[in-house]
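Colleague: Chains as they are written, first to last, in my numbering: chain Y, 1 to 348; chain B, 349 to 696; chain G, 697 to 1044; chain V, 1045 to 1392.
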């Protein structure tokens, strides 16, 4: 059996979009076909969102994106006012970003591990695998514990995931060991982060431990309806919105749904004016992840003038699309939204 | 513009597995290759779960399965003690099953609508599209309202989605117009249903309306941590478990995670002994939905002796796998678990 | 290292569609959604081809279908006048079907071999792998040699692949060891088989050896233009045609193209009236394999009234579609075409 | 109905890899995960092929690559000694590259055409569609005719596709209207091009017309066995080989097979030392296009030290991989092979 250290030595390094001007490459793709043309159009739509002074930008994250080396791109998007709210799976925000904020790393798995034939050995070594990437499970348990401690120190009441993640930002500001963190940077920039399925991640483990320890006493609970209510309020207070979606799943569904929720609350909110989705999911299984943005327009969620699906695995497309918008530089003239402050009266 | 009635006339009809003995077909596939052999092995593993007297069976549902005509299969699985708990996306349980329980239907879309070119027209007609299936949006709004009313009549406190869905079962028993309902049948059989991302569905709309109306007053909240805690408790009280997963997403992640959660609560729960997943998701984007069950074993979640992925769109594979197990008849000797009762002391 | 015999012991067994009446299952799928409804529609279209007295049926085979257990279905289709011509990759016809006609078998690979981690060991043992299926490479070499011998005994001139495959049928009739063979049965029923890319298979190896041995002397050559000309002639002599395509690739392209070729030869042949394709290929890479049959209609190749793509791996869909048409029994009233005879004057 | 000119106005423009130094971007992807890391490794392997003085490089092309804007990349690879032989589908070489060499263009289709709902209209306008790209069918017919004329002027005997394509190069040198052509540039650089399934393309139409006109007289035929024999001879005369495969299908199969063919001719040729494949094809349908390069090693075709699959649609990955190798500049020290000259004694 190999040693743990042999497996956990070569770390994932995050793509720095600020160092690579991909504008000419993306522009050259604009007159090609298939994914390249779609990607160029998506990049243009994202840039339009940034230029549109009335448009709030919601970034949706599904899939293992942070462990895959895309973290710094999202951090730089926050730093440069290229995003106003984030809706994500719990894994990206807690198990991967908060985890790295605590000073831990993701590791490159050697090719043969992808086969799955060595997963028993990894199990014995307490190493977790995400396709071609490895995680030290002992470090992940520390991450679970810290989320439990954060819960222990909160007033026992229902929280939105946004409120809880904000507390994680507070924690990182005090105890963090790596400033390159979405949770930290979003906290500082008042960019709210929502994880509508918050319990199926490291934070869920911490919260289960918290609730178990509290027994019949008052405890912290995670109100997913409040998540939805809060994001809907942001929609109601903003004229226009655009979605930059990476992967599908709950974040896509949740962010699209707020248009309908606003309508139900009696406000005639416009459909999302811009929408971009990067995914390899197939439309033919009828599931939401691969469903077209045109289909979303039948539900009254997404307008169809500026929408584009891009058929690509995310690690190839995100550096090009986000990098294009970064180097176009229109974020320089964009006001920061600090949307979290709009929600504080609600939560205080 | 076509008339609404022209679009909404041909209804989806649910596959009745009790009428088709597919055992010989599935057995013949066992000595072939590719998906057919994998499907036959998956059917055998599901049958083993049913025969294993110690094994509790958790059914995971992601994707638009109910609107696609698979509802009756799941209803019959509940009726025949072939499942002990369900973890699902909200859409399947609320927007589609509860919706049909209220007497509404799903409609077959004609081929050309799949293109998306007519979604503007559908939008104007208040018709929602799921790939090749149509929904009357006005009926869906009624469904939203009813979930809001259910919330209005509950004590204002944090609920697990399971508790809330149980109340939906109570509602259907009184007011339902279609006895073929997962929510209703699960209520009657004390099969708990969890929707860990409950807010991104019709129930979410109802709950947002409820919370908005309550303002600063006490209100119903949906505690996703409690969901996780409850399902973990079921794992802790049961010797062995098996997963029958259709699609990936949050249900897959949530159900797999309870092994780790039990461990965190100090109980050395065994990994899921059996696991089957039907999906067309691709392993190469590194996301959870397509990740192998071997990969889950590196996380200590799934044992690898009886695990099988099946590469097929669900409407083809589910009738064969579930039908195989039904006609093998081993459920006749299986005790009902009535797992909801294990959770009542917790929730009361 | 494991022994060869340990790997090569469990044989692939071919699905016998005549023993499973799948008509009720397929009919039940007709009112569902996604792949099941598409499959039911495709089965209906194939049945329409059989009922249409004017329609010649061309079966297209791509992918490893014979080694996967689908051989007997195609053999039974020939026996029961459900197909009039076959266009295939060389591998299906030579390496797999002719190979089995010689008495050799395909073997079931155990799960772990799919990982690829044991391919070096297989290489050393002279075992070839197709995903989850194994082949004895020594037997495949015998197959190569026999095709070389067949070439050695022919007059040295250009042959269409159809002519050459016909000679393989003659060979099997004399020396074959397994009567369940597409090549043999097609020979007996005068169903022409075309492999437009004949050289990239076992026959190619035999022919290279033949040409190498002949040096500057006259030799057998394989005229792919003649293939195209012959199939085009069949189209020109037939009123209507239907395509039953399994997989995409060269067979799909070749069979669709004959409409245009007939037009170029001055005859206004109608587009293929019926077309069904089973594939998991994705439309988004722009390649022919996943391109829609609607797209083919822009090229004037396929009519759009009766066309249907089915998103499914072939081993699941073929038994249901072909089995449906078989048990509907409309082939009983169908005249045999014996299309090979139409081509004999050309080739003699 | 729209006018033809409205559809055929915006031309596809080919990516110029010489103008975009993507080396830093690709290097940054080397420490990420999923497709980006695989792509970086593939780029490195291709660069190794170029640096390896003993290695002949075979480029395999499947899918609609030329019409998609990748033509100039392949032209520049020929010009800069980055490739020694090409194996392709006929469509890329004849319908698309030779077609553009004649002065014709490919056109950008507007988004809505992708739906297929307008293919009837396109058909009436004599416009052919490839996903999001349009072709003037009248121009394509001219291309068909020219290939027929080329055949008419040749000695009537069996030709390899390579020989025929060489004559197309001669034609372009005399009559071509666009110097940016793979066929032309390969002719000038003595880079042989093989289309093993030559008949299912524009050249096939020309050759069918030729054979039809010749009737019983001697005629040009296309010997696919000779193709295979010729490429095998190149393998036998070269020490080492590497494959750069874009898409799968016949080109992949054909190029891999020459190792076995060489062995059958009694020469112990080494396996392909390097192999890279860009594809979105799925391994789970068992077809060759998506089969792993490890699987090919069980057949003794590809060595496993330097092999890499990249999961990406080609228009995204090819500019990065080929561009990386171009800007690394190791081709500057690479000798030209002029492999066509090795085959002339055979064909003369």
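Beta carbons are placed, not taken as given, at the ideal position from N, Cα and C, and that holds for glycine.
No experiment lies behind these values; they were computed from the predicted model shown.
Is the CB of residue 982 of chain G under 8 Å away from at least one CB in chain Y?
Modeller: Within the third chain, residue 982 of chain G is the residue found at index 286, counting from 1. Interface residue, yes.
Colleague: Below 8 Å, how does it come out for the region 1236-1244 of chain V and the region 1126-1143 of chain V: are there three or more Cβ pairs, yes or no?
Modeller: Contact holds: three or more Cβ-Cβ distances are below 8 Å.
Colleague: When the cut-off is 8 Å and only beta carbons count, does residue 13 of chain Y lie next to chain V?
Modeller: The residue labelled residue 13 of chain Y in the question sits at position 13 within the first chain. Cβ-Cβ to chain V under 8 Å: yes for residue 13 of chain Y.
Colleague: Going by DSSP in three states, residue 674 of chain B sits in which element: helix, strand or coil?
Modeller: Here residue 674 of chain B refers to the residue found at position 326 of the second chain. It is helical.
Colleague: Check for me: the beta strand (DSSP E) holding residue 913 of chain G runs from which residue to which?
Modeller: To locate residue 913 of chain G, count along the third chain from 1; it is residue 217. Segment: none, residue 913 of chain G is in no beta strand (DSSP E) and carries neither H nor E.
Colleague: Check for me: the alpha helix (DSSP H) holding residue 928 of chain G runs from which residue to which?
Modeller: The count along the third chain starts at 1 and reaches residue 928 of chain G at position 232. Unbroken alpha helix (DSSP H) run through residue 928 of chain G: 920-933.
Colleague: So who's on the other strand from residue 549 of chain B, going by DSSP bridges?
Modeller: Translated into positions along the second chain, residue 549 of chain B becomes position 201. Note: residue 549 of chain B sits in no beta bridge, so no partner.
Colleague: Below 8 Å on the Cβ atoms is my contact criterion, and I expect residue 824 of chain G with residue 831 of chain G to pass it. Report the Cβ-Cβ distance as a whole number of Å.
Modeller: Translated into the one-based positions of the third chain, residue 824 of chain G becomes position 128. Translated into the one-based positions of the third chain, residue 831 of chain G becomes position 135. That belief holds up - the Cβ atoms of residue 824 of chain G and residue 831 of chain G are roughly 4 Å apart, short of 8 Å.
Colleague: Is it the case that the Cβ atoms of residue 1318 of chain V and residue 1089 of chain V are separated by a distance below 8 Å?
Modeller: Working through the fourth chain from its first residue, we reach residue 1318 of chain V at position 274. Working through the fourth chain from its first residue, we reach residue 1089 of chain V at position 45. Yes, Cβ-Cβ distance for residue 1318 of chain V and residue 1089 of chain V is below 8 Å.
Colleague: Just list the beta strand (DSSP E) runs in the region 607-674 of chain B, keeping only unbroken ones of 3 residues or longer that don't cross its boundaries, in chain order.
Modeller: As far as the region 607-674 of chain B is concerned, its whole beta strand (DSSP E) runs of at least 3 residues are 620-627, 650-659.
Colleague: Using a C-beta to C-beta distance shorter than 8 Å, which residues of chain V count as neighbours of residue 1035 of chain G?
Modeller: Here residue 1035 of chain G is taken as the residue at index 339 of the third chain, counted from 1. Under the 8 Å cutoff, chain V gives no residues; its nearest Cβ is about 18 Å from residue 1035 of chain G.
Colleague: With distances taken Cα to Cα, identify the nearest neighbour of residue 679 of chain B among B/395, B/365, B/511, B/568.
Modeller: In the second chain, residue 679 of chain B corresponds to position 331, counting from 1. Per the Cα distances, B/395.
Colleague: Taking its Cβ as the centre, do 16 or more other Cβ atoms sit within 10 Å of residue 175 of chain Y, making it buried, or is it exposed?
Modeller: Here residue 175 of chain Y corresponds to residue number 175 of the first chain, with the count starting at 1. Residue 175 of chain Y is exposed by the Cβ-count criterion.
Colleague: CA-CA distance, residue 942 of chain G and residue 258 of chain Y?
Modeller: The count along the third chain starts at 1 and reaches residue 942 of chain G at position 246. The count along the first chain starts at 1 and reaches residue 258 of chain Y at position 258. Computed Cα separation, rounded: 43 Å.
Colleague: In chain order, what residues of the same chain have a beta carbon less than 7 Å from the beta carbon of residue 23 of chain Y, not counting five sequence neighbours either side?
Modeller: Looking up residue 23 of chain Y in the first chain gives position 23. Contacts found: 324, 327, 328.
Colleague: Going residue by residue through the region 1173-1211 of chain V, where are the continuous beta strand (DSSP E) segments of at least 3 residues, counting only ones entirely within it?
Modeller: For the region 1173-1211 of chain V, whole beta strand (DSSP E) runs of length 3 or above, ordered along the chain, are 1177-1180.
Colleague: Taking DSSP as the reference, what is the three-state secondary structure of residue 729 of chain G?
Modeller: In the third chain, counting from the first residue as 1, residue 729 of chain G sits at position 33. If DSSP states are grouped into helix, strand and coil, residue 729 of chain G belongs with coil.
Colleague: Does DSSP classify residue 865 of chain G as helix, strand or coil?
Modeller: Along the third chain, one-based indexing puts residue 865 of chain G at 169. If DSSP states are grouped into helix, strand and coil, residue 865 of chain G belongs with the helices.
Colleague: Mind pulling the chain B residues with CB within less than 7 Å of residue 294 of chain Y?
Modeller: Taking the first chain and counting its residues from 1, one reaches residue 294 of chain Y at position 294. Under the 7 Å cutoff, chain B gives 464, 467.
Colleague: Spell out whether any CB of chain G is found under 8 Å from the CB atom of residue 33 of chain Y.
Modeller: Looking up residue 33 of chain Y in the first chain gives position 33. Yes, its Cβ sits closer than 8 Å to a Cβ of chain G.
Colleague: Pull up the distance between the alpha-carbon of residue 406 of chain B and that of residue 249 of chain Y, whole angstroms please.
Modeller: On the second chain, position 58 is the one that residue 406 of chain B refers to. On the first chain, position 249 is the one that residue 249 of chain Y refers to. Answer to the nearest angstrom: the Cα atoms are 21 Å apart.
Colleague: Kindly list the residues whose CB is nearer than 7 Å to the CB of residue 348 of chain Y, restricted to its own chain and excluding five residues on each side of it in sequence; keep chain order.
Modeller: Counted from its first residue, the first chain places residue 348 of chain Y at position 348. Residue confidence is low: residue 348 of chain Y scores 35 on pLDDT, short of 50, so the model does not pin down where it sits. No coordinate-derived value is stated.
Colleague: Using the Cα positions of residue 1390 of chain V and residue 917 of chain G, report the straight-line distance between them to the nearest angstrom.
Modeller: As a first step, residue 1390 of chain V must be located in the fourth chain, where it is residue number 346. As a first step, residue 917 of chain G must be located in the third chain, where it is residue number 221. Here the model assigns residue 1390 of chain V a pLDDT of 42, short of 50, so the residue's position is not dependable and the matter cannot be decided.
Colleague: Strictly below 8 Å CB to CB, what residues from chain A border residue 112 of chain Y?
Modeller: You won't find chain A in this structure, because its protein chains are Y, B, G and V.
Colleague: Using a Cβ-Cβ cut-off of 8 Å, state whether residue 1379 of chain V counts as contacting chain Y.
Modeller: For the purposes of this step, residue 1379 of chain V is taken as the residue at position 335 of the fourth chain. Closer than 8 Å: no.
Colleague: Residue range of the beta strand (DSSP E) that residue 593 of chain B falls in?
Modeller: Along the second chain, read from residue 1 onward, the residue named residue 593 of chain B stands at position 245. Element bounds for residue 593 of chain B: 588-594.
Colleague: For residue 717 of chain G, which of G/1017, G/1039, G/704 has the nearest alpha-carbon?
Modeller: Taking the first residue of the third chain as position 1, residue 717 of chain G is located at position 21. The residue with the shortest Cα to Cα distance from residue 717 of chain G is G/1017.
Colleague: Nearest-angstrom Cα distance between residue 479 of chain B and residue 1000 of chain G?
Modeller: Counted from its first residue, the second chain places residue 479 of chain B at position 131. Counted from its first residue, the third chain places residue 1000 of chain G at position 304. Spanning the two alpha carbons is a distance of roughly 20 Å.
Colleague: For residue 777 of chain G, which residues from the same chain have a beta carbon less than 7 Å from its beta carbon, with the 5 sequence-adjacent residues on both sides left out?
Modeller: Within the third chain, numbered from 1, the residue matching residue 777 of chain G stands at position 81. Same-chain partners within the cutoff: 1027, 1030, 1032.
Colleague: Run down chain B in chain order and give the residues with a C-beta less than 8 Å from the C-beta of residue 1326 of chain V.
Modeller: Numbered from 1 along the fourth chain, position 282 holds the residue referred to as residue 1326 of chain V. Neighbours of residue 1326 of chain V on chain B, chain order: 630, 659.
Colleague: Among V/1116, V/1249, V/1192, V/1224, which has the Cα closest to the Cα of residue 949 of chain G?
Modeller: Looking up residue 949 of chain G in the third chain gives position 253. Looking at the Cα atoms, V/1249 is the closest of the given residues.
Colleague: Hey, quick one: how far does the beta strand (DSSP E) through residue 75 of chain Y stretch, first residue to last?
Modeller: Position 75 of the first chain holds residue 75 of chain Y. From DSSP, residue 75 of chain Y is part of no beta strand (DSSP E) but of the alpha helix (DSSP H) over 71-79.
Colleague: For the region 714-743 of chain G, which residues have a CB atom closer than 7 Å to at least one CB atom of chain V, in sequence order?
Modeller: Cβ contacts with chain V come from no residue of the region 714-743 of chain G.
Colleague: Determine the chain G residues that contact residue 1255 of chain V at a beta-carbon separation under 8 Å, and present them in chain order.
Modeller: Taking the first residue of the fourth chain as position 1, residue 1255 of chain V is located at position 211. Here the neighbours are 921, 922, 925.
Colleague: Report yes or no: is there a C-beta of chain V within less than 8 Å of the C-beta of residue 795 of chain G?
Modeller: Translated into positions along the third chain, residue 795 of chain G becomes position 99. For residue 795 of chain G, the answer is no, since every Cβ of chain V falls outside 8 Å of its Cβ.
Colleague: List the residues of chain B that residue 62 of chain Y touches, going by C-beta distances under 8 Å, in chain order.
Modeller: Stepping through the first chain from its first residue, residue 62 of chain Y is reached at position 62. Under the 8 Å cutoff, chain B gives 635.
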